[in-house]
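Reviewing the structure listed below.
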Amino acid sequence: MLKKEKKYTYYEAGEGTPIIILHGLMGGLSNFEGVAQFFPAKGYKVVIPELPIYTQNILKTNVKAFSKFVKDFIVYKGFDQVILVGNSLGGHIGLYHTKMYPSLVKALVITGSSGLYESGMGESYPKRGDYEYIKKKAEDVFFDPKIATKEIVDEVFATVNDRIKLIKTLTIAKSAIRHNMAKDLPKMITPTCIIWGKNDKVTPPNVAEEFNKLLPNSELFWIDQCGHAAMMEHPDAFNEILYKWLQKNKL
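Numbering-wise, the working numbering puts 2 at position 1 of the sequence shown, and it's gapless, one number per residue.
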């Protein structure tokens with residue numbers, strides 16, 4: 002059940018320290034079902050806002066504006082400090098938000114995050130009318146291609162064939178490259194948990210190693226036989242790693 006209040010639409014469950022989950026470009030809220038079901042029983046409040054990726058003015062379709070949206074949402078909800086968990090573009094938004102508003106972030110968790118390396122999000126678009134091509138691109142996100150169900154492929158196909166969404170997707174891709182975080186990361190001391198698929202083709206494993214090297218207060222964990230969306234492909238392993246890390250750091 003989603004709540005709708007003012008300009009925000011979000012999922013919320015549990016009581017306790019807020020964990021705010023930031024989805025990626027093509028990622029629906031349901032991608033985080035495993036996390037959303039696991040953490041409320043452990044004393045956390047899980048909140049998944051719908052990010053205005055395709056609904057904001059084109060001038061506000063960028064990493065910086067999305068980070069401000071997250072800040073406004075945290076303030077609106079009256080949270081003191083939150084744990085941010087971001088996948089893909091959501092990880093990049095989490096990183097940028099942590100750079101801009103460090104006092105609001107107790108800890109950061111990134112998985113398959115952009116921010117250092119962007120595989121051409123835009124290069125496939127000349128073939129956007131080719132369903133089989135889009136299906137292959139969607140399957141490449143996962144280690145196990147069967148996770149890219151017809152429903153997921155149909156959604157991606159519809160998105161890349163919607164002219165407005167296509168323009169916004171390309172705008173976001175350019176913004177992700179423009180907001181490269183390499184120079185910022187060494188100054189960011191927020192505790193950061195990096196959980197990465199060993200078989201991620203979108204943001205390869207060396208990207209995770211680079212994040213770990215540049216972020217002074219970070220720890221890196223691998224999930225084997227796992228692609229770009231660890232929380233979706235291996236929810237149990239993802240939850241276990243994250244929960245142990247939160248416990249160890251008394252978060």
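Ideal Cβ placement from N, Cα and C applies to all residues, glycine included.
Please identify the residue among E211, A238, Q226 whose C-alpha is closest to the C-alpha of D141. Ranking the options by Cα distance to D141, first place goes to Q226.
Element boundaries [beta strand (DSSP E), containing S219]: 219-224 is the extent of the beta strand (DSSP E) around S219.
DSSP three-state label for Y45, please. In this structure, Y45 counts as strand in the three-state DSSP scheme.
Give the straight-line distance between the Cα atoms of V258 and E210, rounded to the nearest whole angstrom. The chain is shown from 2 up to 252; residue 258 falls before or after that span and cannot be answered.
For the segment 161-170 against the segment 184-191, do three or more pairs of beta-carbon atoms, one drawn from each stretch, fall closer than 8 angstroms, so that the two count as touching? No: the two stretches stay apart, fewer than three of their Cβ pairs being nearer than 8 angstroms.
Could you tell me which uninterrupted beta strand (DSSP E) segments, each at least 3 residues in length, are contained entirely in the segment 7-93, listed from first to last along the chain? Fully enclosed beta strand (DSSP E) runs of 3 or longer: 9-14, 18-23, 45-50, 83-88.
Indicate the three-state DSSP secondary structure (helix, strand or coil) for K107 in the structure shown. The three-state reading of DSSP puts K107 in strand, counting E and B together.
Could you check the C-alpha separation between P50 and L23 for me, to the nearest Å? A direct Cα-Cα distance of roughly 7 angstroms separates P50 from L23.
Using a Cβ-Cβ cut-off of 6 angstroms (strictly less than) and excluding sequence neighbours within five positions of M27, which residues of its own chain qualify? Result list for M27: V157, in chain order.
Alpha helix (DSSP H) segment containing I1, residue limits: Examination of residue 1 is not possible in this model, given that the chain is present from 2 through 252 alone.
If V1 and V83 are in contact, beta carbons under 8 angstroms, what's the gap, nearest whole angstrom? What the structure shows of the chain is the stretch from 2 to 252, and residue 1 is not part of that stretch, so it cannot be assessed.
Between K249 and the ligand NAP, is the CB less than 8 angstroms from at least one heavy atom? The ligand content of the structure shown is nil, which means the ligand NAP is not present either.
For the candidate residues N63, K175, G87, whose alpha-carbon lies nearest to that of M232? Closest by alpha carbon: G87.
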